[in-house]
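If you use my numbering, the sequence shown closes out at 878, no skipped numbers anywhere. Backbone N, C-alpha and C define an ideal beta-carbon position, used for all residues, glycine too.
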Amino acid sequence: MSELSDAEVSALVNHVLPFSVVDGPGARSVIFLQGCNWRCLSCHNPHTIGTCTGCGICVQLCPHSALRQEHDGLPPHYDPSLCSGCRSCVRGCPESSDPRAQSLTVGALLERIRGFLPFITGLTISGGEPSLQPAFLLAFARALRADPQLGRLHLLIDSNGSAELELWRRLAPFIDGVCLDLKAVDEDHHQRLCGASSRQPLAALAELGALGTLHELRLLIIDHALPEVLAAARLLEQHAPSALLRLIPYREHPAPRPGLQPPAPEQLEVMRLAIEAMGLRCVVR
């Protein structure tokens with residue numbers, strides 16, 4: 594069997610957002626991939642975590658028959674022309690999945706992005722956790738750079754940093770940076786928030802800094818988090834002092850979580866000033 598070309602490599606895609614100004618610098622399109630290896634308490638896209646098991650519950654919940662079960666144990670057929678966007682299927686999915694996710698090739702996605710080209714200067718691949726589909730990331734980045742029209746787009750990967758470091762080394766020649774979404778520096782705190790160790794994300798921070806591809810470090814802020822913020826700032830100062838530190842206040846979305854409290858605005862201002870006093874760039878989102 595012949596090896597697939599880059600354009601033929603596919604990924605499970607939750608959706609493509611044509612226009613965003615919060616997923617990197619400038620006006621960008623965002624490709625959200627389906628599937629994540631963590632279940633963070635603060636997840637803002639919980640419907641991108643799981644993958645469909647074909648249980649059929651969403652088919653029963655859909656009020657417009659936009660989903661049809663054709664084979665037991667397989668994802669349902671989705672007809673977007675019948676979908677009202679009510680999200681009954683997503684809210685009722687026991688796997689935190691989205692039955693509307695589609696398998697799309699690199700070639701198909703590039704053609705979709707081409708239609709947005711007059712309005713964007715960049716592109717971000719997010720999720721879910723995009724590094725769970727490494728063959729797609731590499732194929733997409735190579736194909737984008739080889740495209741005469743699209744190759745100029747600023748390309749970022751938004752990741753939790755759980756991937757093997759070799760992936761970042763292979764991607765480095767083709768991407769403009771990584772937005773590393775760090776939930777906590779402290780191991781116990783990270784375990785509580787994500788159910789996973791902070792060791793690999795911290796290793797990714799150091800590796801991306803060495804590669805010169807850490808675009809920004811995103812740090813989740815919960816209540817009184819100044820020690821965590823200063824610890825992250827010191828790591829950034831050591832490994833990637835030109836990268837941006839983005840403080841992301843915890844928001845009670847999709848629902849409040851016991852033991853998690855949003856920070857007060859004055860706390861965020863103290864953190865921002867402390868970081869800037871270290872000579873680092875900082876923004877609050």
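Compare the Cα-Cα distances from residue i to each of the options and report the closest residue.
i, options, result
"V771", "S790, R661, G805, Q653", "G805"
"G744", "L838, P766, P656, L725", "P766"
"L748", "A732, R763, I718", "I718"
"R792", "G802, L775, A803", "L775"
"G754", "D769, A734, D779, A799", "A799"
"L746", "A796, T714, E809", "T714"
"D895", "G708, F709, G720, L737", "Absent from the model: residue 895. The displayed extent of the chain is 594 to 878, so no value can be given."
"L786", "S835, A826, D740, Q854", "Q854"
"G619", "G720, H640, L716, L760", "L716"
"A803", "P656, S674, S835", "S835"
"L801", "G788, A789, D781, I768", "I768"
"P669", "T646, L829, F625", "T646"
"R621", "S696, Q695, G628, R707", "R707"
"I841", "R827, R865, H782, E663", "R865"
"L697", "F625, Q831, L810", "F625"
"G721", "A701, L838, A825, C629", "C629"
"I868", "R839, L634, A659, Y843", "R839"
"E704", "S635, C676, D740, R735", "D740"
"E757", "L660, A796, L829", "A796"
"L725", "W631, L837, S689, A825", "W631"
"S677", "E663, Q695, S658", "S658"
"L837", "W761, L807, A701", "L807"
"A734", "P639, C633, R763, L829", "R763"
"E845", "G872, L634, D672, T641", "L634"
"A826", "G617, G872, L675, E663", "G872"
"V623", "L660, E601, L702", "L702"
"P656", "D672, A833, V699, L823", "D672"
"S689", "L829, H783, H782, T641", "T641"
"W761", "E663, L823, P794", "P794"
Classify residue i: buried if its beta carbon has 16 or more other beta carbons within 10 angstroms, exposed otherwise.
i, result
"H637", "exposed"
"F612", "exposed"
"Q653", "exposed"
"P723", "buried"
"F712", "exposed"
"E821", "buried"
"L819", "exposed"
"R878", "exposed"
"A870", "exposed"
"G643", "buried"
"P851", "exposed"
"C875", "buried"
"C679", "exposed"
"R693", "buried"
"V615", "exposed"
"D751", "buried"
"D665", "exposed"
"D691", "buried"
"E780", "exposed"
"L597", "exposed"
"Q831", "exposed"
"G788", "exposed"
"E809", "buried"
"Q742", "exposed"
Sort out for me which residues DSSP pairs residue i with in a bridge.
i, result
"R874", "L837"
"R661", "H670"
"H637", "Bridge partners of H637: none, in fact."
"D751", "C772"
"I624", "V609, I718"
"S603", "T698"
Give the list of continuous alpha helix (DSSP H) stretches no shorter than 4 residues that lie fully inside the segment 689-739. 699-707, 727-739
Could you tell me which whole beta strand (DSSP E) segments of length 3 or greater appear in the segment 832-870? 837-842
Counting pairs of beta carbons, one from the segment 858-869 and one from the segment 812-827, are three or more of them closer than 8 Å? yes
Does the segment 726-742 come into contact with the segment 597-605, if we say contact requires no fewer than three beta-carbon pairs (one atom in each stretch) closer than 8 Å? yes
Counting Cβ pairs closer than 8 Å, one from the segment 643-653 and one from the segment 680-688, do we hit at least three? yes
Segments assigned beta strand (DSSP E), at least 3 residues, entirely inside the segment 773-826: 807-814
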